[in-house]
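Residue numbers (our numbering), protein chains in the order written: chain H, 1053 to 1375; chain B, 1053 to 1375.
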């Protein structure tokens, strides 16, 4: 284990020892890392006699509902009833979404907020902060924290942690996969993590209409004159197939898999009269934040996007008509 | 490391010590495991002063040509010039494909054939046999053999081994992924294996017309009255898109990802007047060998197929007209 957080781990251990009631907040639009880390920490702290509640303002996605105790996550919090509050995998304070109604969460005189995350955007908004941008996922930090606290990693805890690792590395495909990632994954699997269910829920749960939607996106793929792989989806497509923009999740990785293409663009209409543009690139020389910025968007160098009012009109190519 | 093969490892060590010229044969239609294992073993044995040649009767797929020394693999062999011959990842003797022209390869009085494999179908056709059906891939066995021989695992060797492991587990998605798989992968990554290139060559090299072909397959997906997810590709599709049946590789996993569907069927015409049927299932209760057997085919319980003369005719559903 890394020695990087030993001081913070010691402080957290001390705080936990003095606490009875502990809250754990996941980020809005929760994903496998924030939920996996939250549930693992909850179960771990419960095993040493603490009263722990997990919270997420937004609904838990279907493919995370198989996780042990996922049904115990609450969407309403009363911050004053907790001795300490963990913010888990929240890249910024507003990602908690509860701090709007309860600004005292961010007031160090009122709340002991422990901020554990791996996003570069994190601005250390907690009283204690562990922000390790080298960690593949926040679950990795939780794994080491549980180990430090001497908490036994049960099968259920292992499943939650591994699910986060698997999700945030895109099933060990993304560039944040390294030797330590795989070692932790190996250890969690040895502790009984339900690998099969994790894979199944992450990748084997496509509705037939989602496949058809992907089919339309891929059928329409073309290389434009800028050597970008472009495709598009209209509101009609969503209507025809009773599908939603969430059903597009992942398909852009395929558009981004054409070897000679510099980057990939997926344009999608939504029901509110907007166009959402998503960019991905494999090219180390390309910074997509600049491209997305031209449309008022942002993101990372290798994955960025924008949303603007407008509709797609099909000519010979897909273009954007600003609304 | 497992003690299961210690006796065979000792015999192999002894044989290698007495040999100067060593051949390694991969199976026909070579994949990442057989090629990765062959090149890793070749480089390892070369590092201790042996003259080693790797052989594969069929061409090396494009996405394996990035592997170190892939360009040194030969497709013509003279068995008599080698002291020992390794058959690597060959699930049956005929898979070597060289034994047709050189039956002496299978004659224990003429050839010291060392058979290293992980397929249940393997019938111990060598003089020495290590057939470990619990191994995720043959590269895992080679990894332990190199370790046993005291050979240093260089970056290049690590890349070849990891590529085989990654390929045979479907990027750690298939059910042959376990704690040991991930541990070996972690160790190989720590030794400098080129993880990024492995992922890129395995998953990020889809030609635009391959995407369009996948688009057609997915757009046509439907649930039939047997609750199977069915799709089909005609010779016209291949012609239109200048694509080949190899471009379909992987798409059936998506057809097999519909949660309520019992199994997936992909029907594809070829240019010789045949229809190739592929079956996949996630359902533990279904044995696809029976289904494939009805069409004279075979395979595994969870993945099977057949080839019969015929053409596809599109009615309301896709049916098979036997030729």
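Note that CB positions come from ideal geometry on N, CA and C, so glycine has one too.
>> Taking contact to mean 3 or more Cβ pairs, one atom from each stretch, closer than 8 Å, check whether the region 1277 to 1287 of chain B and the region 1331 to 1343 of chain H are in contact.
In response: Touching, no.
>> Let me make sure I understand the geometry here. Which of H:1079, H:1208 and H:1289 has the alpha-carbon closest to that of residue 1142 (chain H)?
In response: Nearest of H:1079, H:1208 and H:1289 to residue 1142 (chain H), Cα basis: H:1079.
> Which whole-angstrom value is the C-beta distance of residue 1327 (chain H) and residue 1364 (chain H), which I expect to be below 8 Å?
Replying inline: Indeed they touch by this definition, with Cβ atoms about 6 Å apart.
> Based on the DSSP secondary-structure assignment, which residues constitute the bridge partners of residue 1359 (chain B)?
Replying inline: Residue 1359 (chain B) has B:1328 as its beta-bridge partners, per DSSP.
> Which runs of the beta strand (DSSP E), 3 residues or longer, sit entirely within the region 1069 to 1122 of chain H?
Replying inline: Runs of the beta strand (DSSP E) inside the region 1069 to 1122 of chain H: 1073 to 1077 and 1103 to 1107.
>> Quick check: what's the CA-CA separation for residue 1076 (chain B) versus residue 1287 (chain B)?
In response: Straight-line Cα distance between these residues: approximately 38 Å.
> If you scan the region 1225 to 1280 of chain B from start to end, which runs of the alpha helix (DSSP H) of 4 or more residues do you find wholly inside it?
Replying inline: Segments of the alpha helix (DSSP H) lying fully in the region 1225 to 1280 of chain B: 1231 to 1242, 1247 to 1255 and 1260 to 1271.
> residue 1140 (chain H) lies in the alpha helix (DSSP H); which residues open and close that run?
Replying inline: Counting along the chain, residue 1140 (chain H) falls outside any alpha helix (DSSP H), though it belongs to the beta strand (DSSP E) covering 1136 to 1140.
> Cβ of residue 1273 (chain B) less than 8 Å from any chain H Cβ?
Replying inline: At a cut-off of 8 Å between beta carbons, residue 1273 (chain B) contacts chain H.
> Does DSSP put residue 1194 (chain H) in a helix, a strand or coil?
Replying inline: Of the three classes helix, strand and coil, the one that applies to residue 1194 (chain H) here is helix, per DSSP.
> To the nearest angstrom, how far is it from the Cα of residue 1217 (chain H) to the Cα of residue 1209 (chain H)?
Replying inline: Taking the straight line joining both Cα atoms gives about 13 Å.
> By Cβ distance below 6 Å, which residues in the same chain neighbour residue 1057 (chain B) in space, the five residues on each side in sequence not counted?
Replying inline: If we look at residue 1057 (chain B) and ignore the five residues flanking it on each side, its Cβ neighbours are 1182.
> In three-state DSSP terms, what is residue 1053 (chain B)?
Replying inline: Caution is warranted here: a pLDDT of 47 is assigned to residue 1053 (chain B), below 50, making its placement in the model unreliable, and no coordinate value can be reported.
> What's the C-alpha gap between residue 1108 (chain B) and residue 1064 (chain B)?
Replying inline: Their backbone Cα atoms lie some 22 Å apart in a straight line.
> Among the residues of its own chain, which have a CB less than 6 Å from the CB of residue 1117 (chain H), if the five just before and after it don't count?
Replying inline: Around residue 1117 (chain H), the same chain offers no residue with a beta carbon nearer than 6 Å, after the five sequence neighbours per side are excluded.
>> What does DSSP give as the partner residue(s) for residue 1283 (chain H) in the beta ladder?
In response: Looking at the DSSP assignment, residue 1283 (chain H) forms a beta bridge with H:1318.
>> Determine whether the beta carbon atoms of residue 1072 (chain H) and residue 1121 (chain H) lie at a separation below 8 Å.
In response: No. Outside cutoff.
> Helix, strand or coil for residue 1169 (chain B) per DSSP?
Replying inline: In the three-state reduction of the DSSP assignment, residue 1169 (chain B) falls in the strand class.
> Which class does residue 1064 (chain B) belong to by DSSP, given the choice of helix, strand or coil?
Replying inline: Residue 1064 (chain B): helix per DSSP, three-state reduction.
> Closer than 8 Å, CB to CB, is residue 1302 (chain B) near chain H or not?
Replying inline: Under the 8 Å criterion on CB atoms, residue 1302 (chain B) is classed as non-interfacial with respect to chain H.
>> If I measure Cβ to Cβ from residue 1310 (chain H) and keep anything under 6 Å in the same chain, skipping five residues before and after, which residues do I get?
In response: Counting only Cβ-Cβ distances below 6 Å, and skipping sequence neighbours, we find 1281.
> What residues from chain B crowd round residue 1234 (chain H), counting only those whose CB sits closer than 8 Å?
Replying inline: The answer, in chain order, is 1234, 1235, 1237, 1238 and 1241.
>> If you measure between the beta carbons of residue 1136 (chain H) and residue 1168 (chain H), is that distance less than 8 Å?
In response: Their beta carbons are not under 8 Å apart, which means residue 1136 (chain H) does not touch residue 1168 (chain H) by this criterion.
> Is residue 1224 (chain B) close to chain H, meaning its C-beta is less than 8 Å from at least one C-beta of that chain?
Replying inline: At a cut-off of 8 Å between C-beta atoms, residue 1224 (chain B) counts as an interface residue with respect to chain H.
> What's the C-alpha gap between residue 1053 (chain H) and residue 1095 (chain B)?
Replying inline: Reliability of the predicted coordinates at residue 1053 (chain H) is poor, the pLDDT of 47 falling under 50, and the value obtained from them is presented with this limitation in mind. Each residue's alpha carbon lies about 33 Å from the other.
> Just checking, does the region 1290 to 1299 of chain H make contact with the region 1270 to 1277 of chain H on the three C-beta pairs under 8 Å criterion?
Replying inline: The region 1290 to 1299 of chain H makes no contact with the region 1270 to 1277 of chain H; the number of CB pairs closer than 8 Å stays below 3.
> When Cβ atoms are compared, which residues of the region 1298 to 1329 of chain B fall closer than 9 Å to chain H?
Replying inline: Within the region 1298 to 1329 of chain B, the qualifying residues are 1305, 1306, 1307, 1308, 1309, 1310, 1311, 1312 and 1313.
> Quick one: which chain H residues come within Cβ less than 7 Å of residue 1247 (chain B)?
Replying inline: Ordered by position in chain H, the residues that pass the 7 Å Cβ test against residue 1247 (chain B) are 1229.
> Mind pulling the chain H residues with CB within less than 7 Å of residue 1186 (chain B)?
Replying inline: Result: empty, since nearest Cβ-Cβ is about 15 Å, beyond 7 Å.
>> I need the straight-line Cα distance from residue 1315 (chain B) to residue 1321 (chain B), nearest angstrom please.
In response: Spanning the two alpha carbons is a distance of roughly 20 Å.
>> Rounded to whole angstroms, what is the Cα-Cα separation between residue 1170 (chain H) and residue 1194 (chain H)?
In response: Each residue's Cα considered, the two are about 11 Å apart.
>> Suppose contacts are defined by Cβ-Cβ distances below 8 Å. Is residue 1099 (chain H) in contact with residue 1203 (chain H) by that definition?
In response: Cβ atoms of residue 1099 (chain H) and residue 1203 (chain H): closer than 8 Å.
>> Which same chain residues end up closer than 8 Å to residue 1060 (chain B) when comparing Cβ atoms and leaving out the 5 residues on each side of it in sequence?
In response: Around residue 1060 (chain B): 1180, 1181 and 1182.
>> According to DSSP, residue 1181 (chain B) sits in a beta bridge with which residue or residues?
In response: In the DSSP output, where bridge partners are listed per residue, residue 1181 (chain B) has B:1167.
> Between residue 1240 (chain B) and residue 1088 (chain B), what straight-line distance do the alpha-carbon atoms span, to the nearest angstrom?
Replying inline: Their Cα atoms are separated by approximately 13 Å.
> Count the other CB atoms within 10 Å of the CB of residue 1084 (chain B); is the residue buried (16 or more) or exposed (fewer)?
Replying inline: Result: buried.
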